[in-house]
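According to the working numbering, the sequence shown is numbered sequentially starting from 30.
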Amino acid sequence: MNRARYLLLPLCFVAVCLGAFSQVPGGTRFEVVSVKPTSTEFNPNGSRASFHCRGVDSNGPETIPAAPPLGRCAIRNMDFLAILRAAYSLPNDDYLKNQSKGDLGWLGQRYDIDAKADDPSTTTMAQLLDMSRTMLVDQFKLQFHRETKEVPGYVLTVSGSAPKLRDTKEEVDSGINNTRNEKGRVITAHNALMSWFTGNLSGIAAGPVVDRTELTGHYSFTLTWGGPDGPAIFSALPEQLGLKLTSQKVPMEILVIDSVQKPQLN
30 MNRARYLLLP
40 LCFVAVCLGA
50 FSQVPGGTRF
60 EVVSVKPTST
70 EFNPNGSRAS
80 FHCRGVDSNG
90 PETIPAAPPL
100 GRCAIRNMDF
110 LAILRAAYSL
120 PNDDYLKNQS
130 KGDLGWLGQR
140 YDIDAKADDP
150 STTTMAQLLD
160 MSRTMLVDQF
170 KLQFHRETKE
180 VPGYVLTVSG
190 SAPKLRDTKE
200 EVDSGINNTR
210 NEKGRVITAH
220 NALMSWFTGN
230 LSGIAAGPVV
240 DRTELTGHYS
250 FTLTWGGPDG
260 PAIFSALPEQ
270 LGLKLTSQKV
280 PMEILVIDSV
290 QKPQLN
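Rendered as structure tokens:
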């Protein structure tokens, strides 16, 4: 049986799946874009904000609720800044600075956005994400620039002579998820890149994490920490994965919003 192939970008790991922050909108556009206010009142314990895209080369689990058809992106219950973070894979708000002027009260409005590529049968995930960034320029009149600064953070390196990880050499059904249960926190990776993992760690360690492991393959693993009896993340990494976090100054690129406008609903 062929598995459905697409990419889900829930807010918990938007940053790590793409590594796309350094890219600039290339001008490719969706054929059709619909922007509407979210129809239901936001409930943090109910309807979850989500950013779903599905390209011909994306991989994911066989079933995800509300997954869009091929060659489309479906954004649900997200305000502009959340959409921006998702489209540019920003790990958290520390990577975003808003210096736009004027009436910005609408920034709290949540939107449902449906967008379709011109030829869904040939549109890749990279193209869909590029179109999503262009959509922010077209629909929200986004203008921005980037700044880089040195900040306290961490580098991820191999602990000891070798990591406790094996390159699966597989890209199918790739993904990474960060969850919590009664025993603590769990990161589950399947055929994942190290860049995805460091994106998760950036949120957990409360600072940017730079990958210096030199691990360039795809990896499947489970990392557990926290909870009443579990180890701290800094102890769990070397014990379970043969990796370690070291505190030091690291470069962090920030997306700075120069101007943005409320979209025209359609």
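Ideal Cβ positions, reconstructed from N, Cα and C, are used throughout, including at glycine.
Note that the structure is a prediction, hence the values are computed from the model and not measured.
In whole angstroms, what is the alpha-carbon distance linking residue i and residue j?
{"i": "Leu296", "j": "Leu270", "result": "This structure leaves residue 296 out entirely; the chain is present only between 30 and 295."}
{"i": "Asp108", "j": "Pro97", "result": "19 angstroms"}
{"i": "Phe250", "j": "Thr217", "result": "6 angstroms"}
{"i": "Val64", "j": "Leu294", "result": "5 angstroms"}
{"i": "Leu133", "j": "Pro292", "result": "12 angstroms"}
{"i": "Met164", "j": "Thr57", "result": "9 angstroms"}
{"i": "Asn121", "j": "Gly137", "result": "17 angstroms"}
{"i": "Val166", "j": "Ser79", "result": "20 angstroms"}
{"i": "Leu284", "j": "Thr245", "result": "26 angstroms"}
{"i": "Val279", "j": "Asn206", "result": "25 angstroms"}
{"i": "Ile112", "j": "Arg162", "result": "9 angstroms"}
{"i": "Asp196", "j": "Ala235", "result": "28 angstroms"}
{"i": "Thr151", "j": "Gln277", "result": "43 angstroms"}
{"i": "Asp202", "j": "Gly131", "result": "44 angstroms"}
{"i": "Glu243", "j": "Ala221", "result": "14 angstroms"}
{"i": "Trp135", "j": "Asp147", "result": "30 angstroms"}
According to DSSP, is residue i helix, strand or coil?
{"i": "Phe59", "result": "coil"}
{"i": "Ala146", "result": "coil"}
{"i": "Ala111", "result": "helix"}
{"i": "Thr163", "result": "helix"}
{"i": "Gly182", "result": "strand"}
{"i": "Pro260", "result": "coil"}
{"i": "Asn72", "result": "Low per-residue confidence applies at Asn72: pLDDT is 49, beneath 50, and the placement is therefore not dependable, though the value from the model is reported in the following sentence. Of the three classes helix, strand and coil, the one that applies to Asn72 here is coil, per DSSP."}
{"i": "Tyr140", "result": "strand"}
{"i": "Ala103", "result": "strand"}
{"i": "Leu284", "result": "strand"}
{"i": "Leu171", "result": "coil"}
{"i": "Leu270", "result": "helix"}
{"i": "Ser157", "result": "Note on identity: in this sequence residue 157 is Leu, with Ser being the wrong assignment. In this structure, Leu157 counts as helix in the three-state DSSP scheme."}
Looking at C-alpha atoms only, which residue of the options is the closest neighbour of residue i?
{"i": "Pro149", "options": "Met160, Tyr140, Ile142, Asp141", "result": "Met160"}
{"i": "Lys126", "options": "Leu157, Thr152, Ala144, Gln172", "result": "Gln172"}
{"i": "Leu252", "options": "Thr208, Lys65, Asp141, Trp135", "result": "Thr208"}
{"i": "Arg105", "options": "Tyr140, Phe226, Lys145", "result": "Tyr140"}
{"i": "Val184", "options": "Pro257, Lys273, Val85", "result": "Lys273"}
{"i": "Ile262", "options": "Thr245, Thr227, Ile286, Val285", "result": "Thr227"}
{"i": "Ala115", "options": "Asp143, Ser129, Gln128, His81", "result": "His81"}
{"i": "Asp287", "options": "Ala234, Thr197, Ser129, Lys170", "result": "Ser129"}
{"i": "Met223", "options": "Gly255, Ser68, Thr67, Asp240", "result": "Asp240"}
{"i": "Glu268", "options": "Arg162, Val187, Arg83, Ser118", "result": "Val187"}
{"i": "Glu199", "options": "His174, Gln168, His247, Val289", "result": "His247"}
{"i": "Asn119", "options": "Leu157, Arg175, Gln168", "result": "Looking at the sequence provided, one finds Leu at residue 119 rather than Asn. It is Arg175."}
{"i": "Asp143", "options": "Thr67, Asn210, Val201, Gln290", "result": "Thr67"}
{"i": "Val215", "options": "Glu243, Val201, Leu230", "result": "Leu230"}
{"i": "His219", "options": "Trp225, Asn210, Gly204", "result": "Gly204"}
{"i": "Pro257", "options": "Gln277, Thr242, Tyr117, Asn210", "result": "Asn210"}
{"i": "Ala155", "options": "Arg77, Gly84, Val201", "result": "Gly84"}
{"i": "Ala103", "options": "Asp202, Gly131, Thr153, Leu157", "result": "Leu157"}
What does a CB cutoff of less than 8 angstroms around residue i pick up in its chain, not counting 5 residues either side in sequence?
{"i": "Met281", "result": "Asp123, Tyr124, Thr177, Lys178, Glu179, Val180, Gly182, Pro237"}
{"i": "Gly189", "result": "Pro267, Gly271"}
{"i": "Ala265", "result": "Leu252, Thr253, Trp254, Gly259"}
{"i": "Pro192", "result": "Thr242, Leu244, Leu270, Gly271, Leu272"}
So, at 7 angstroms on beta carbons, what are the nonlocal neighbours of residue i in its own chain, with the 5 sequence-adjacent residues on each side left out?
{"i": "Gly259", "result": "Lys212, Gly213, Thr253"}
{"i": "Lys145", "result": "Phe59, Glu60, Val61, Gly100, Arg101"}
{"i": "Gly232", "result": "Pro120, Asn121"}
{"i": "Thr275", "result": "Tyr183, Val184, Thr186"}
Comparing the CB of residue i with every heavy atom of the ligand PLP, is any distance shorter than 7 angstroms?
{"i": "Ala146", "result": "Summarising the ligand content, the structure contains no ligands, and the ligand PLP is consequently not present."}
Within a Cβ cutoff of 6 angstroms, which residues of the same chain sit near residue i, ignoring the five residues on either side of it in sequence?
{"i": "Val289", "result": "Ser129, Phe169, Leu171"}
{"i": "Asn74", "result": "Bear in mind that the predicted position of Asn74 carries a pLDDT of just 47, short of 50, making it too unreliable to give a figure here."}
{"i": "Asp86", "result": "Thr153, Met154"}
Original post:
In chain order, which alpha helix (DSSP H) runs of at least 4 residues are fully inside the stretch 195 to 248?
Top reply: Those alpha helix (DSSP H) runs which fall completely within the stretch 195 to 248 and span 4+ residues are 223 to 233.
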